[in-house]
Each structure stands twice: as C-alpha cells, then as structure tokens.
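Notes follow the structure.
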Amino acid sequence: MAVFDIDYTLYDNPDYNKVGDQREIEAVAEILGISTAEVQARQAITREEIVRAGRIPMKTETILALGITQGHFNELRVKVWNGLPRRYFCKDSVLCDVFEKLGQRYTVVFGTNSPQVIGEQIVRAVGLKTLLPRAVVFGADSFPDAVKPAPQFFRRILDHVMVNAYQAVGIGDRAHVDVLPAIAAGFSGGFEVSGPSELPEVITQLLHAVR
Ligand SMILES: [Mg+2]
Numbered sequence: 187m188a189v190f191d192i193d194y195t196l197y198d199n200p201d202y203n204k205v206g207d208q209r210e211i212e213a214v215a216e217i218l219g220i221s222t223a224e225v226q227a228r229q230a231i232t233r234e235e236i237v238r239a240g241r242i243p244m245k246t247e248t249i250l251a252l253g254i255t256q257g258h259f260n261e262l263r264v265k266v267w268n269g270l271p272r273r274y275f276c277k278d279s280v281l282c283d284v285f286e287k288l289g290q291r292y293t294v295v296f297g298t299n300s301p302q303v304i305g306e307q308i309v310r311a312v313g314l315k316t317l318l319p320r321a322v323v324f325g326a327d328s329f330p331d332a333v334k335p336a337p338q339f340f341r342r343i344l345d346h347v348m349v350n351a352y353q354a355v356g357i358g359d360r361a362h363v364d365v366l367p368a369i370a371a372g373f374s375g376g377f378e379v380s381g382p383s384e385l386p387e388v389i390t391q392l393l394h395a396v397r
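So for the sequence shown, this note's numbering puts the first residue at 187; every next one is plus one.
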C-alpha cells in the first residue's frame with residue numbers, strides 16, 4: 187500500500203492555496219469577531235511559541251490555539267474550499283500515467299489534513315479518481331482525534347484498509363508530516379518529494395521494489 191499526501195504532493199499550485207487560505211482566515215475572523223490582521227498576528231505568536239518549543243508549526247495548530255475546535259475548523263474548511271479544486275486544477279496526464287502503473291501493483295490511498303471531501307475533489311480534478319476509482323481518501327475529519335502528524339492517523343488507515351504496516355509506505359512533501367509519523371506507525375518507509383515532478387521517479391522506485 188502507498189499512502190500519498192495530497193497538498194503540494196499531487197499538485198503545485200500556490201494560487202489555489204492562496205485563495206483558500208485567505209477565505210479560511212476571513213471565516214475564522216468572522217467567527218471570532220476580530221479582524222483578519224488580528225487572526226494572522228495571533229497565529230504568528232503561536233507559531234513562534236511552537237518553534238521555541240522545538241517543534242515545527244502546523245497551520246491547524248495555530249487555528250486551534252485561537253479557540254476553534256478541530257470539528258468546527260473542518261466544517262469551516264469544507265465550506266471555504268468547496269469547488270476550488272475544480273476551478274484550479276485540470277487533469278495531469280503525467281501523474282495519471284504513473285499512477286495507472288502503480289495502481290496495478292499497489293493499493294493506493296490518499297491521506298490529507300484537508301477535509302475528506304476536499305481531498306476527494308482534488309483527486310478527482312487531477313484525473314486520479316477516474317483512474318483509481320477504489321482509491322480511498324482519508325482527511326482531517328475521517329478519524330476522531332487522528333490527524334497528521336499523529337502516527338495514529340496512519341495506524342487508522344492500516345486498520346481501515348486491512349494492510350500490514352510493513353507492506354506500507356508514506357509519500358508526501360513534508361517528511362515530518364507524511365513520512366516520519368507513518369514510519370512511527372510501523373510503515374516500512376517513505377519518500378519526501380518536493381512536489382508532483384518527483385513522483386514519476388518515486389513511483390518507478392516503488393514498482394521496482396515489488397518486482
Ligand atoms: Mg502536503
């Protein structure tokens with residue numbers, strides 16, 4: 187089984203994230219009754235605190251620190267990102283070509299910190315849904331209390347897909363989110379990629395590994 191991150195792994199489109207992130211901040215500001223500048227200032231303080239504590243800050247953590255629950259954040263994200271993937275992505279033929287080969291040998295799964303439905307919209311927009319109709323997407327709202335970078339997120343995927351940990355690998359653009367927690371969950375390894383341009387090489391290596 188190969189578990190792929192979605193954001194900045196299957197695509198590289200800063201405009202998409204810029205628009206969605208801005209909508210997200212506006213929605214959070216509205217809920218809290220403060221300005222977007224204040225939201226960003228508070229996020230910056232949380233980020234500094236996390237860095238001082240020796241950890242790598244995650245956006246979700248800076249939002250939860252504002253007093254918004256994970257459940258509420260997920261709901262809000264479904265609303266603000268809904269429909270954006272269709273507007274910003276189109277079928278990626280190179281990606282489809284390599285995933286078609288991978289799909290013949292591996293169970294392909296997608297694991298994202300976006301809500302599941304948004305992850306599905308992206309997978310569909312880049313052309314992978316048609317190609318891999320059975321590939322499951324797991325998102326930040328798929329399991330209670332298990333979002334990346336918690337190793338538990340990857341353990342839950344193993345339980346759900348019923349695959350042994352040693353037969354699983356994790357692939358994504360952030361080692362501390364997509365690879366190391368997967369290994370902590372027992373996965374046999376993983377790849378950190380800088381973006382979709384590195385996926386053909388990674389997928390070729392995965393195919394050689396099972397030959
Ligand atoms: Mg990512």
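From the three backbone atoms N, C-alpha and C, an ideal C-beta is built for every residue, glycine too.
Quick caveat, the model's predicted, so the values are computed rather than measured.
Along the beta strand (DSSP E) that carries residue i, what are the first and last residues, could you check?
i	result
residue 395	No beta strand (DSSP E) contains residue 395, which is instead part of the alpha helix (DSSP H) from 385-395.
residue 205	Element bounds for residue 205: not the beta strand (DSSP E) but the alpha helix (DSSP H), 200-218.
residue 357	355-358
residue 361	No beta strand (DSSP E) holds residue 361; DSSP gives it neither H nor E.
residue 190	188-190
residue 297	294-297
Pull up the distance between the alpha-carbon of residue i and that of residue j, whole angstroms please.
i	j	result
residue 187	residue 353	6 Å
residue 272	residue 364	24 Å
residue 296	residue 220	35 Å
residue 289	residue 375	19 Å
residue 293	residue 321	7 Å
residue 326	residue 394	32 Å
residue 349	residue 355	11 Å
residue 228	residue 392	42 Å
residue 236	residue 257	22 Å
residue 359	residue 367	13 Å
residue 303	residue 239	33 Å
Relative to the C-alpha of residue i, which residue among the options is closest?
i	options	result
residue 191	371, 340, 396	340
residue 313	285, 298, 334	285
residue 210	303, 231, 222	222
residue 245	279, 372, 338, 232	232
residue 310	227, 236, 270	270
residue 264	305, 243, 249	305
residue 202	213, 308, 283	308
Is any heavy atom in ligand 1 found nearer than 7 Å to the beta carbon of residue i?
i	result
residue 198	no
residue 372	no
residue 136	Nothing can be reported for residue 136, as the shown portion of the chain is limited to 187 through 397.
residue 358	yes
Provide the residue span of the alpha helix (DSSP H) that contains residue i, from first to last.
i	result
residue 322	Here residue 322 belongs to no alpha helix (DSSP H); instead the beta strand (DSSP E) covers 322-324.
Query - Uninterrupted alpha helix (DSSP H) stretches inside the region 251-282 (no shorter than 4 residues) - result: 256-267, 270-274
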